[in-house]
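Worksheet for the structure shown next.
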């Protein structure tokens with residue numbers, strides 16, 4: 004069991020499987036064999052989370068460690084491929100994050116970037132998982148002309164979008180890791196979390212992070228009481244910091 008959530012262990016145990024994973028959050032109750040919990044102290048990450056997964060693999064009997072992999076390939080219909088081809092070259096944005104708002108670059112910023120790319124004469128496709136439709140709709144309203152596919156694609160179709168995009172703009176989210184896995188390129192925004200621990204494991208990626216005095220806090224929501232200061236770790240990454248990259252990519 005790779006995820007650190009208790010729910011993941013509960014669901015798999017309910018399927019009658021024998022589980023191996025890390026302790027913590029009462030997960031040991033559902034494990035047949037377990038390793039020590041991955042204890043994180045904000046701002047003191049020394050290695051990527053993949054190291055923790057590789058240790059579980061070794062515990063299961065694997066004799067070699069490697070972070071090298073061939074890009075995953077999505078299997079989609081010819082109709083979907085044709086639809087995507089009609090949009091190329093396109094910018095793929097994924098403004099959602101299941102973790103919470105402390106991982107989400109502001110929607111108005113995504114919209115501003117989208118308007119700029121649309122004005123260049125290129126397409127913008129908005130992607131996201133089920134449950135992220137509200138965030139996607141807010142972005143679409145601020146930037147008419149976006150093709151909003153949030154919550155409307157299968158996992159394979161999302162992978163294909165991330166693979167074929169000219170460039171991706173994403174949060175520290177599942178979309179980021181999928182994009183890296185399929186060989187996509189893009190930029191990712193970090194606020195409450197650490198790129199050292201959960202950044203993209205792939206070349207051709209830019210990490211935007213402002214290193215505020217309160218970041219990384221690893222919290223789902225900002226803990227600052229001053230409303231103007233809240234989420235400054237993300238708000239201080241301005242669209243104008245990102246636009247030069249996109250102007251070069253879409254020149």
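Numbering (this note's numbering), first residue to last: 4 to 254. Built from N, CA and C at the ideal position, the CB exists for glycine as well.
Next item on the list: Please classify residue 87: is it buried, with 16 or more other beta-carbons within 10 angstroms of its beta-carbon, or exposed?
Entry: To locate residue 87, count along the chain shown from 1; it is residue 84. So residue 87 ends up on the buried side.
Check: Excluding five sequence neighbours on each side, which residues of the same chain lie with their C-beta closer than 7 angstroms to the C-beta of residue 244?
Finding: Here residue 244 corresponds to residue number 241 of the chain shown, with the count starting at 1. Closer than 7 angstroms at Cβ, skipping near neighbours: 211.
Check: Taking the runs of the beta strand (DSSP E) that are 3 residues or longer, which of them lie wholly in the segment 25-106?
Finding: The segment 25-106 contains these whole beta strand (DSSP E) runs: 36-38 and 93-97.
Check: How would you call residue 155, buried or exposed, if buried means at least 16 neighbouring beta carbons within 10 angstroms?
Finding: Numbered from 1 along the chain shown, position 152 holds the residue referred to as residue 155. Flag for residue 155 reads exposed.
Next item on the list: Enumerate in chain order the residues of its own chain whose CB-to-CB distance from residue 183 is below 8 angstroms, with the five nearest sequence positions on each side excluded.
Entry: Translated into the one-based positions of the chain shown, residue 183 becomes position 180. Taken in chain order, the residues that qualify are 203, 204, 205 and 208.
Notebook entry, point to check: What whole-angstrom Cβ distance do residue 141 and residue 153 have, given they're in contact under 8 angstroms?
Noted result: As a position in the chain shown, residue 141 is number 138, starting the count at 1. As a position in the chain shown, residue 153 is number 150, starting the count at 1. So it is not a contact: roughly 11 angstroms between Cβ atoms.
Margin query: For residue 211, list the residues DSSP reports as bridge partners.
Written below: Here residue 211 refers to the residue found at position 208 of the chain shown. Residue 211 pairs with 192.
Next item on the list: Determine which residues share a DSSP beta bridge with residue 151 and list them.
Entry: The residue you call residue 151 lines up with position 148 of the chain shown. Looking at the DSSP assignment, residue 151 forms a beta bridge with 129.
Notebook entry, point to check: Using a Cβ-Cβ cut-off of 6 angstroms (strictly less than) and excluding sequence neighbours within five positions of residue 176, which residues of its own chain qualify?
Noted result: Locating residue 176 in the chain shown gives position 173, counting from the first residue. Within the same chain, residue 176 has close Cβ partners 100.
Note to self: Taking the alpha-carbon of residue 189 as reference, which of 7, 199 and 167 has the nearest alpha-carbon?
What the structure shows: Locating residue 189 in the chain shown gives position 186, where the first residue counts as 1. The candidate whose alpha carbon is nearest that of residue 189 is 167.
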